[in-house]
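Novice: Can you read through this structure? Questions will come right after.
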Amino acid sequence: MSKSTTQEQLASHPEWLNDWLTRIKALKNLPSLFGMVWAAAPLVVLSSLVCRLLAALVPLAILTVTRLIIDSIYRLTSNHSPLPGAFWWMVSLEFALASLAMITSRLIDFCDSRLADKFTCYVNVRIMEHAASLDLVSYEDPRFYDKLERARVQGTDRIGMIQATGRLVQEFITTVSLAASIFIFSPWILFTLILCTLPTFLNETHFAFLGYALNSQQTASRREMEYFRVLGGSKESAKELRLFGLGSFLVDRYRALSHEVHEQTFALARRRLIIGLLFALLGTIGYYGSYAFAIHETVIGVLSLGTLTLLAGAIAGANSNMQAVLGTFSSIAGQALFLTDLLEFFSVKPKVFSKPDAMLVPRPIRRGFEFKNVSFSYPGSSKLILDNINFSLETGERIALVGKNGQGKTTIVKLLTRLYEPTSGQILLDGVDIREYNLQDLWKEIGVIFQDFMRYELPCSENIAMGRIEERKNSSRIRAAAHKSLADEVIRGLPHRYDQRLGCRFEGGVDLSGGEWQKIALARAYLRDSQLLILDEPTASLDARSEHEVFERFSELTEGKMALLISHRLSTVRMADRILVLENGKIAEQGPHEQLIKIGGGYAKMFELQAASYR
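So for the sequence shown, our numbering puts the first residue at 2; every next one is plus one.
Below, the structure is given as C-alpha cells:
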C-alpha cells in the first residue's frame with residue numbers, strides 16, 4: 002500500500018477516529034520514557050513497583066477477611082454457633098493488613114518523591130547535554146526554539162505521567178482482583194459497571210487530546226509572553242523601560258497574550274467540566290444500581306451478610322478503580338502525545354560533527370589555514386554572505402578583517418572555528434579539509450573572544466577559567482592570564498579578589514563596567530594558550546588608553562602564533578601583518594596597512610575618515 006493511499010484512508014476517517022489513532026500511535030513513546038526513568042533511578046523504581054504490588058492486593062485481602070469475620074459473628078448471634086478457633090487471628094490479620102496498606106502508601110509517596118527528584122535531574126541534564134551538542138544552525142531556527150522550550154517543560158512535567166503509570170499498575174491489579182471476586186458471585190454486576198464506566202474513559206481521552214493540541218498551538222504565544230516578562234524585569238532593559246516609558250506597553254502586550262491564552266484554556270476546561278459531569282453521573286448510576294442488586298440478593302437469602310459486605314466493598318472498589326484505571330490510562334495516552342516533543346528534541350542531530358575516524362589537529366600547525374573558493378549563505382536564505390573567498394592564514398601571521406557591518410567578518414570566524422560549514426568550497430588546515438579533523442580537538446587549538454562574549458555570574462577565577470575549564474584549579478595560570486589581559490587591575494579592586502562573584506543576579510555579586518568585563522573575557526583567551534587566537538571586536542568597550550595597552554600586549558603575546566583580529570577601529574589593526582578588506586562578501590583589498598594607504602582605495606578612505614574625527 003502506497004503512502005499516499007494510507008494518507009487518503011486516514012483522511013477519510015471521522016475526526017474522533019483520527020484522534021484515537023494519534024493517541025495509540027503516541028503510546029510508542031512510553032518505552033523510551035520508561036527507559037529514561039529506569040536509567041535515572043533503578044532501585045527506586047524497583048522499590049516502588051514492589052510497594053504498589055502489595056498495595057494493590059491488600060483491598061481484596063481485607064474484604065475477604067472481613068467477610069469471614071462478619072459471617073462468623075452472624076452465625077454466633079443467629080444460630081448460637083461457636084466462633085471458629087482462628088477468629089481472633091482473623092481480626093489480628095485484618096489489623097495487620099490495614100497497617101500494611103498504611104505503610105505501603107507512605108513508602109509509595111516516598112518513592113514517588115525520590116523518583117521525581119532523580120528524574121528531573123536526569124532529564125534536565127540530558128536536555129542540557131543534547132542542547133550543548135547541537136550546532137549554531139539549530140539555534141537560528143525558531144522551530145528549534147519551540148522544540149527546546151517544549152522539551153524543557155515536558156521534561157519536568159512528565160513526572161506526573163511517571164507517577165500515573167505506577168498508579169495504573171496498582172489500580173489495574175486491584176481492579177482485576179476485585180472484578181474477579183464480583184464475577185464469581187454475579188457476572189451481570191461486573192458487566193453493568195464496565196458499561197457505565199467506559200463512556201467516562203472515552204470522554205477523558207478525547208479532552209486529553211484536545212489539551213495537547215491546544216498546548217502545542219500556544220507554544221509560540223507562551224514564549225512571547227516569557228520574552229515580555231523578562232523584558233519587564235531585567236537589568237539590561239531597565240534603563241530604556243524607564244527613560245522611554247515602555248513599562249505600560251510591555252505590560253499591555255503581556256496582558257493581551259495572557260488573556261488570549263487564558264480564554265482558550267478556560268473554554269476547553271469548561272467544556273470538559275460539563276460533559277465530564279454527565280458521564281460521571283452515568284457511572285454513579287451504575288454503581289448504585291449494582292449495589293442495590295446485591296442488597297436484593299441478600300434480602301431474598303441468596304447471599305450471606307458477609308458476602309454482601311465483601312460485594313459492597315468490591316463493587317465500590319472496582320467502580321472507583323475501574324474509573325481510575327481508565328482515567329489514568331487516558332491521562333497517560335494524552336501525555337504520551339507530549340512525549341513526542343521531548344523525543345523529537347532528542348532526535349535533533351547536529352549538522353556539524355566529527356567523523357568516526359577523524360584526525361587530530363597537528364601540534365604544531367605547520368602551514369596554517371586556507372580558505373579555498375569558500376561561499377556561505379545562512380540556512381533558508383539564498384543571499385551569499387561570503388562569495389568565493391580565497392585567502393590563507395599562515396603560522397605566525399596576524400591578519401585583520403575590516404569592513405562595514407554585514408560584510409561577513411564574523412561569518413569567516415564562525416567558518417574558521419567550524420561552527421558552520423561552508424555552502425561551497427573548502428577550508429584547509431595544513432592542506433587537509435578541516436572536516437577531516439576531530440571537532441573537539443580543533444576547538445582546543447583555538448582561542449576566541451566574540452564581541453558578544455558571555456558574562457558568567459560566577460567568581461572571577463571561574464570566569465577566567467571558562468577559557469580552559471580544566472585549569473580552573475590552577476590559580477597561577479589564571480592569575481597570569483589576568484595579568485596579560487589587564488584584568489588583574491580590575492580584580493585587585495574587588496572585595497574578595499579572585500573569589501569575588503561577578504554580576505548582580507546573586508547575593509554578594511559585584512557588577513563590572515563593559516570595559517572591565519571585556520578584560521575578564523580577554524583573560525579567557527590568554528588562558529587558553531592556543532595555536533590560533535581570534536579576537537572579534539575585543540576592545541569595543543575599552544577607552545583609548547586601555548585599548549592601546551591591550552594591543553601592545555596583544556602584539557607581544559601573538560608572536561609566533563596565528564592571530565585573526567576583527568575591529569572597526571582601524572588604528573588598532575595597523576599591527577597586523579596583513580589586512581583583508583571585505584566588501585559585498587568578497588575580499589576587495591588586502592595587504593599591510595602602509596600598502597593599503599598608498600593604494601588609496603576603500604581602506605584608505607575609511608582610515609582617513611576615522612583619523613579626521615580625532616583631529
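A virtual CB, placed ideally from N, CA and C, is assigned to each residue, including glycine.
Using the rule of at least 16 other Cβ atoms within 10 Å of the residue's Cβ for burial, across every protein chain shown, is L279 buried or exposed?
Specialist: Residue mapping note: residue 279 aligns to position 278 of the sequence shown, counting from 1. Label assigned to L279: exposed.
Novice: Is DSSP giving M563 helix, strand or coil here?
Specialist: Translated into positions along the sequence shown, residue 563 becomes position 562. Looking at M563 - three-state DSSP - the assignment turns out to be strand.
Novice: Is the beta carbon of G277 less than 8 Å from the beta carbon of N204?
Specialist: As a working note, residue 277 is residue 276 in the sequence shown. As a working note, residue 204 is residue 203 in the sequence shown. In this structure, N204 lies closer than 8 Å to G277 by Cβ.
Novice: Contact between the region 77–93 and the region 336–355: three or more CB pairs below 8 Å?
Specialist: With contact defined as three or more Cβ pairs closer than 8 Å, the region 77–93 and the region 336–355 are not in contact.
Novice: With distances taken Cα to Cα, identify the nearest neighbour of L440 among E609, V170 and L135.
Specialist: Working through the sequence shown from its first residue, we reach residue 440 at position 439. Checked all of E609, V170 and L135; the closest Cα to L440 is L135.
Novice: Taking the C-alpha atoms as reference points, what is the distance between I470 and E398?
Specialist: On the sequence shown, residue 470 is found 469 positions in, with the first residue counted as 1. On the sequence shown, residue 398 is found 397 positions in, with the first residue counted as 1. Cα atoms of I470 and E398: separation of roughly 27 Å, rounded to the nearest angstrom.
Novice: So, with DSSP's three-state summary, where would you put V92?
Specialist: Taking the sequence shown and counting its residues from 1, one reaches residue 92 at position 91. Note: V92 maps to helix in three-state DSSP.
Novice: Using only CA atoms, which one of L571, V574, D530 and R570 lies nearest to K562?
Specialist: Taking the sequence shown and counting its residues from 1, one reaches residue 562 at position 561. Nearest option by C-alpha distance: D530.
Novice: Suppose the cutoff is 8 Å on Cβ atoms and the five residues either side in sequence are ignored; what does the same chain contact list for S5 look like?
Specialist: By one-based count along the sequence shown, residue 5 stands at place 4. Here the model assigns S5 a pLDDT of 44, short of 50, so the residue's position is not dependable, and the following value carries that caveat. No residues qualify anywhere along the chain.
Novice: At a cut of 8 Å, does the region 458–470 reach the region 493–512 through at least three beta carbon pairs?
Specialist: The region 458–470 is in contact with the region 493–512.
Novice: Please work out which residues of its chain come closer than 6 Å, Cβ to Cβ, to N389, disregarding the five sequence neighbours upstream and downstream, and give them in chain order.
Specialist: Taking the sequence shown and counting its residues from 1, one reaches residue 389 at position 388. The residues are N374 and S376.
Novice: Using the Cβ count rule (16 or more neighbours within 10 Å means buried), how would you classify T285?
Specialist: Mapped onto the sequence shown, residue 285 falls at position 284. The residue in question, T285, is exposed, as its Cβ has fewer than 16 Cβ neighbours within 10 Å.
Novice: Please look up how many angstroms separate the CB atoms of S100 and F88, rounded, as I've assumed it's under 8 Å.
Specialist: In the sequence shown, residue 100 corresponds to position 99, counting from 1. In the sequence shown, residue 88 corresponds to position 87, counting from 1. Contact flag wrong, Cβ pair sits at about 19 Å.
Novice: What is the residue span of the alpha helix (DSSP H) that N1 lies within?
Specialist: The question about residue 1 has no answer, for the chain in this structure spans 2 to 616.
Novice: How big is the Cα-Cα spacing for W90 and Q164?
Specialist: As a first step, residue 90 must be located in the sequence shown, where it is residue number 89. As a first step, residue 164 must be located in the sequence shown, where it is residue number 163. Each residue's alpha carbon lies about 36 Å from the other.
Novice: Going along the chain, which residues of its own chain have a beta-carbon closer than 6 Å to the beta-carbon of G409, five neighbours each way excluded?
Specialist: Counted from its first residue, the sequence shown places residue 409 at position 408. For G409, where only same-chain residues beyond five positions count, the Cβ hits under 6 Å are I386, L387, L583 and G586.
Novice: Does the pairing of the region 121–135 with the region 24–42 give three or more beta-carbon distances under 8 Å?
Specialist: yes
Novice: Would a C-beta distance cut-off of 8 Å place I1 and A117 closer than the cut-off?
Specialist: Summary: the structure shown does not reach residue 1, with the chain confined to residues 2 through 616, and so no result is reported for it.
Novice: Give the list of continuous alpha helix (DSSP H) stretches no shorter than 4 residues that lie fully inside the region 406–479.
Specialist: The qualifying runs are 410–417, 440–445 and 461–466.
Novice: Just the Cα atoms here: how many angstroms apart are Y499 and A488?
Specialist: Here residue 499 corresponds to residue number 498 of the sequence shown, with the count starting at 1. Here residue 488 corresponds to residue number 487 of the sequence shown, with the count starting at 1. Taking the straight line joining both Cα atoms gives about 11 Å.
Novice: What are the partner residues of K119, as DSSP defines its beta bridges?
Specialist: In the sequence shown, counting from the first residue as 1, residue 119 sits at position 118. K119 is not bridged to any residue.
Novice: Under the assumption that A1 contacts L179 (Cβ atoms under 8 Å), give the Cβ distance between them as a whole number of angstroms.
Specialist: There is simply no residue 1 to check, as the chain begins at 2 and stops at 616 in what is shown.
Novice: Excluding the 5 residues flanking A214 on each side, which residues of the same chain have their C-beta closer than 8 Å to its C-beta?
Specialist: Your numbering for residue 214 matches position 213 in the sequence shown. Around A214: no qualifying Cβ.
Novice: R399 lies in the beta strand (DSSP E); which residues open and close that run?
Specialist: Taking the first residue of the sequence shown as position 1, residue 399 is located at position 398. Start and end: R399 to V403.
Novice: Under a three-way DSSP split, which group does R506 fall into?
Specialist: Numbered from 1 along the sequence shown, position 505 holds the residue referred to as residue 506. Coil at R506, not helix or strand.
Novice: What's the C-alpha gap between K606 and Q452?
Specialist: To locate residue 606, count along the sequence shown from 1; it is residue 605. To locate residue 452, count along the sequence shown from 1; it is residue 451. Using only the alpha carbons, I get a separation of about 25 Å.
Novice: Which value, in whole angstroms, describes the spacing of the CA atoms of I598 and K405?
Specialist: For this step, residue 598 is matched to residue 597 along the sequence shown. For this step, residue 405 is matched to residue 404 along the sequence shown. Spanning the two alpha carbons is a distance of roughly 18 Å.
Novice: With three or more beta-carbon pairs closer than 8 Å as the criterion, would you say the region 347–365 touches the region 430–445?
Specialist: As far as the Cβ criterion goes, the region 347–365 touches the region 430–445, which means the pair count is three or higher.
Novice: DSSP beta-bridge partners for V375?
Specialist: Locating residue 375 in the sequence shown gives position 374, where the first residue counts as 1. Bridge partners of V375 according to DSSP: I390.
Novice: Using 8 Å as the cut-off, can you tell me whether the region 345–356 makes contact with the region 420–430, which would need three or more C-beta pairs spanning the two stretches below that distance?
Specialist: yes
Novice: Rounded to the nearest angstrom, how far is the Cβ of V414 from that of I580, given a contact under 8 Å?
Specialist: Along the sequence shown, one-based indexing puts residue 414 at 413. Along the sequence shown, one-based indexing puts residue 580 at 579. Contact doesn't hold; Cβ gap of about 16 Å is too wide.
Novice: For W518, is the classification buried or exposed, using 16 other Cβ atoms within 10 angstroms of its Cβ as the cut-off for buried?
Specialist: Here residue 518 is taken as the residue at index 517 of the sequence shown, counted from 1. Buried, by the Cβ-count rule.
Novice: Pull up the distance between the alpha-carbon of L98 and that of S106, whole angstroms please.
Specialist: In the sequence shown, the residue the question calls residue 98 occupies position 97. In the sequence shown, the residue the question calls residue 106 occupies position 105. Just so you know, the alpha carbons of L98 and S106 end up roughly 12 Å apart.
Novice: S13: buried (16+ other C-beta within 10 angstroms of its C-beta) or exposed?
Specialist: As a working note, residue 13 is residue 12 in the sequence shown. Model confidence at S13 stands at a pLDDT of 44, short of 50, so the residue's coordinates are unreliable; what they give is reported in the following sentence. Flag for S13 reads exposed.
Novice: Can you check whether the CB of L430 is closer than 8 Å to the CB of F370?
Specialist: Your numbering for residue 370 matches position 369 in the sequence shown. Your numbering for residue 430 matches position 429 in the sequence shown. Yes. Within cutoff.
Novice: For G212 and Q218, what's the separation of their Cα atoms in angstroms?
Specialist: By 1-based counting over the sequence shown, the position of residue 212 is 211. By 1-based counting over the sequence shown, the position of residue 218 is 217. Spanning the two alpha carbons is a distance of roughly 10 Å.
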